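Worksheet: one structure, shown below.
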Amino acid sequence: MAIGGASWPDIFKWAATGLTIAGAGTTAADLGRRATGWGFALLSGGSACWLASAQLEQESQLGLTNLVLLALNLFGVWRWLVRKAPA
């Protein structure tokens, strides 16, 4: 048990669901460079939560998928939030 009777994997799954939906919506809305970067940050958080859940439940396919997605989403954070905009 973790919080209110929910298991840690369930907590991570619900957090991942919310972060992924929010990140996808923010990225898809095309609200500008900064908002797109924050969309990728939310997606990165979702991938990290899915990774945690996959590790706790020994689901290697889910873990591998989200490891790759985490790397791609972090690239998106770098590209849209960290790197200077092309001139």
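The sequence shown maps to residues 9 to 95 in our numbering. A virtual CB, placed ideally from N, CA and C, is assigned to each residue, including glycine. Quick caveat: nothing in here was measured; it's all calculated off a predicted structure.
Residues bridged to residue i by DSSP?
{"i": "A93", "result": "Per DSSP, none; premise fails for A93."}
{"i": "I19", "result": "BP columns for I19 are empty, so no partner."}
{"i": "I11", "result": "A14"}
Tell me which residues share the same chain as residue i and place their Cβ nearer than 6 Å to its Cβ, disregarding the 5 neighbours each side in the sequence.
{"i": "A24", "result": "G54, C57 and W58"}
So, helix, strand or coil for residue i, using DSSP?
{"i": "A37", "result": "coil"}
Spatial neighbours of residue i within its chain, please: CB distance less than 7 Å, with the 5 preceding and 5 following residues excluded, ordered by chain position.
{"i": "L77", "result": "S55"}
{"i": "V85", "result": "G45, F48, A49 and S52"}
Using the Cα positions of residue i and residue j, report the straight-line distance between them to the nearest angstrom.
{"i": "L64", "j": "P17", "result": "6 Å"}
{"i": "L89", "j": "T34", "result": "14 Å"}
{"i": "S68", "j": "K21", "result": "15 Å"}
{"i": "G31", "j": "S15", "result": "24 Å"}
With residue i and residue j assumed to form a contact (beta carbons below 8 Å), what rounded beta-carbon distance in angstroms separates them?
{"i": "A62", "j": "N74", "result": "6 Å"}
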